[in-house]
Amino acid sequence: MALEMFRKKETLAMRKKLIGQSCRLFYSDDPVKIVRARGQYLYDENGKRYLDCISNVQHVGHCHPSITQAATTQMKLLNANSRFLHDNIVQYADRLAATLPDKLSVFYFVNSGSEANDLALRLAHQYTQHEDVIVLEHAYHGHLTSLIDISPYKFQKLTGQKEWAPIPDTYRGIFREDHPNPAQAYADTVKDVIDKVHQKGRKVSAFFAESLPSVAGQILLPKGYSTKVAEYVRSAGGVFVADEVQTGFGRVGSHFWAFQLQGDDFSPDIVTMGKPMGNGHPLSCVATTAEIAGAFTANGVEYFNTFGGNPVSCAIGLAVLDVIEKEDLRGNSSRVGGHLLDRLTQLQTKHPIIGDVRGVGLFVGLEMVTDKEQRTPATDAAAQVVRRLKEDYICVSTDGPWENIVKFKPPMCFSMEDADLVADRIHHILTVNRPAGSPQTGPLWLSW
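Under the working numbering, the first residue of the sequence shown carries the number 92, and numbering increases by one thereafter.
Spelled out as structure tokens, the structure:
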């Protein structure tokens with residue numbers, strides 16, 4: 092029986108009544124009601140098509156036929172928990188292992204990035220027998236209580252404060268693009284935190300960071316940073332956890348995992364993965380070493396996850412890997428992402444309100460400022476650009492501590508034409524909103 096389709100106004104009223112108000116909508120002033128999607132496009136209840144620059148979860152494209160076929164075929168055959176012996180889970184783990192450094196050879200399948208990060212914390216604590224976790228400023232690692240506690244992005248809005256290491260942001264951070272060795276300088280700030288932990292008579296369990304900090308503002312870590320941090324953390328008896336929930340599975344183009352941007356000689360001790368893994372199906376994973384997994388087993392407590400690694404989830408995961416390879420989506424990410432970066436960098440020379448353009452592959456941020464010298468965040472302007480792009484049927488959003496970074500993490504099938512459309516519309520928005528009498532050079536103040 093087909094589900095009843097409500098009018099947008101009715102749907103919104105029911106949502107306000109039935110769904111917790113902390114569960115927010117995109118464009119809360121005028122939400123978009125999406126009823127179907129395909130590839131990089133969303134369609135509303137009136138058939139209007141929107142270009143999706145937001146959905147890094149639908150990694151290979153919305154409703155990809157190979158993914159839906161894999162899901163329905165396996166669903167018709169069997170879906171059971173992983174206590175029953177089945178080929179899919181071991182075949183999928185083997186495929187994932189082939190993308191990772193050799194030492195990351197043991198896998199635990201779960202259902203969300205938050206679950207994966209929570210399990211990574213448990214693995215680290217059990218292996219090291221230490222408690223303290225070092226995270227980066229403005230980090231976000233999930234919504235569970237254990238993860239809010241290591242997510243300054245969230246807990247700074249709550250009571251109590253905690254210590255963390257500075258975000259390695261070479262545009263806005265304490266060591267900037269003119270520093271001779273920002274990787275070493277920022278790594279040394281982690282060493283300072285380790286020293287503070289030791290001064291309190293405590294010990295470090297883990298350093299926990301996204302391979303490319305996303306919520307913090309689409310940050311690219313200086314090359315060599317992770318290698319040096321790992322050296323400090325391991326010397327202190329801790330482990331290095333790479334959160335790849337947002338950045339894994341080829342989004343950076345040149346590599347399958349974003350941590351690999353740090354160099355061939357770097358490998359984390361634990362890797363978590365999630366959002367793109369199931370192309371919208373709830374599927375996540377933790378990869379670690381045999382030694383760490385052995386310590387977790389030795390505690391005598393069985394780890395069981397009702398839905399983690401079930402045959403349907405693993406069939407979908409395998410299909411995602413197939414599509415990434417067959418459609419050369421890593422290559423597409425490099426080509427299209429590079430083109431988008433070029434186009435946005437060209438806009439930076441024309442519009443002084445664009446303070447920085449950064450990214451790799453289809454992980455791109457455009458930082459807006461009211462003053463290029465002071466790098467003052469242009470929060471209102473960024474929000475207005477998002478609203479104006481929505482009027483042009485392009486969905487983007489903002490990130491960063493001041494919400495002044497317009498971010499692009501679209502499905503990996505994003506095209507050159509899509510990139511050109513986005514750049515052209517941003518140029519138009521920034522041009523037509525120039526106030527009368529504004530100088531043609533110098534900081535551009537938009538008349539929002």
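Cβ coordinates follow ideal geometry from the N, Cα and C atoms, glycine included.
Cβ pair residue i, residue j closer than 8 Å
| i | j | result |
| --- | --- | --- |
| residue 134 | residue 142 | no |
| residue 317 | residue 221 | no |
| residue 148 | residue 339 | no |
| residue 324 | residue 361 | no |
| residue 368 | residue 423 | no |
| residue 349 | residue 435 | no |
| residue 421 | residue 344 | yes |
| residue 470 | residue 494 | yes |
| residue 407 | residue 374 | yes |
| residue 200 | residue 400 | yes |
| residue 445 | residue 457 | yes |
| residue 211 | residue 377 | yes |
| residue 488 | residue 498 | yes |
| residue 442 | residue 521 | yes |
| residue 183 | residue 405 | yes |
Burial state of residue i, where buried means 16 or more other Cβ atoms lie within 10 Å
| i | result |
| --- | --- |
| residue 306 | buried |
| residue 127 | exposed |
| residue 402 | buried |
| residue 311 | buried |
| residue 501 | buried |
| residue 96 | exposed |
| residue 138 | exposed |
| residue 364 | buried |
| residue 166 | exposed |
| residue 366 | buried |
| residue 390 | exposed |
| residue 437 | exposed |
| residue 308 | buried |
| residue 51 | Missing from the structure shown is residue 51; the chain here goes from 92 to 539 and no further. |
| residue 207 | buried |
| residue 519 | exposed |
| residue 572 | Here the chain covers residues 92 to 539 and nothing more, so residue 572 does not appear. |
| residue 250 | Low confidence applies to residue 250: its pLDDT is 38, below 50, so where it sits in the model is not reliable, and the reading given next is rough at best. Exposed: under 16 other Cβ atoms inside 10 Å. |
| residue 450 | buried |
| residue 252 | Annotation note: pLDDT 35 at residue 252 (below 50); position unreliable, coordinate value reported separately. Residue 252 is exposed by the Cβ-count criterion. |
Range covered by the alpha helix (DSSP H) that runs through residue i
| i | result |
| --- | --- |
| residue 428 | 420 to 441 |
| residue 210 | 204 to 219 |
| residue 364 | Run containing residue 364: none in the alpha helix (DSSP H); it sits in the beta strand (DSSP E), 361 to 364. |
| residue 449 | Counting along the chain, residue 449 falls outside any alpha helix (DSSP H), though it belongs to the beta strand (DSSP E) covering 445 to 451. |
| residue 289 | 273 to 290 |
| residue 349 | Neither: residue 349 is in no alpha helix (DSSP H) and is coded neither H nor E. |
Residue(s) in a DSSP beta bridge with residue i
| i | result |
| --- | --- |
| residue 373 | Looking at the DSSP assignment, residue 373 forms no beta bridge with any residue, so it has no partner. |
| residue 129 | 132 |
| residue 498 | 456, 488 |
| residue 198 | 378 |
| residue 166 | Beta-bridge pairing links residue 166 to no other residue. |
| residue 256 | 227 |
| residue 140 | 134 |
| residue 462 | 467 |
| residue 153 | 130 |
Contacting residues, own chain, Cβ-Cβ under 6 Å from residue i (five flanking each side not counted)
| i | result |
| --- | --- |
| residue 105 | none |
| residue 492 | 229 |
| residue 347 | 190, 341 |
| residue 461 | 467, 469 |
Same chain, Cβ closer than 7 Å to residue i, neighbours up to 5 away in sequence not counted
| i | result |
| --- | --- |
| residue 219 | 296, 328, 329, 330 |
| residue 319 | 274, 275, 278 |
| residue 410 | 157, 158, 161 |
| residue 454 | 303, 309, 338, 342, 343, 500 |
| residue 484 | 139, 140, 141, 142 |
| residue 539 | Note on residue 539: pLDDT 37, under 50, position unreliable in the model; the coordinate value appears next. Cβ within range, chain order: 471, 472, 475. |
| residue 464 | none |
| residue 154 | 128, 129 |
First through last residue of the beta strand (DSSP E) which encompasses residue i
| i | result |
| --- | --- |
| residue 484 | Looking at the DSSP string, residue 484 is not in any beta strand (DSSP E), and its letter there is neither H nor E. |
| residue 391 | From DSSP, residue 391 is part of no beta strand (DSSP E); its letter is neither H nor E. |
| residue 296 | 295 to 301 |
| residue 333 | 330 to 334 |
| residue 121 | Careful: residue 121 lies outside any beta strand (DSSP E) and carries neither H nor E. |
Residues of its chain near residue i, where Cβ-Cβ distance is below 8 Å and the 5 sequence neighbours each way are ignored
| i | result |
| --- | --- |
| residue 248 | Low confidence applies here, because residue 248 scores a pLDDT of 45, under 50, leaving its location unreliable; read the following figure in that light. Nothing listed; no residue qualifies. |
| residue 102 | 124 |
| residue 174 | 395 |
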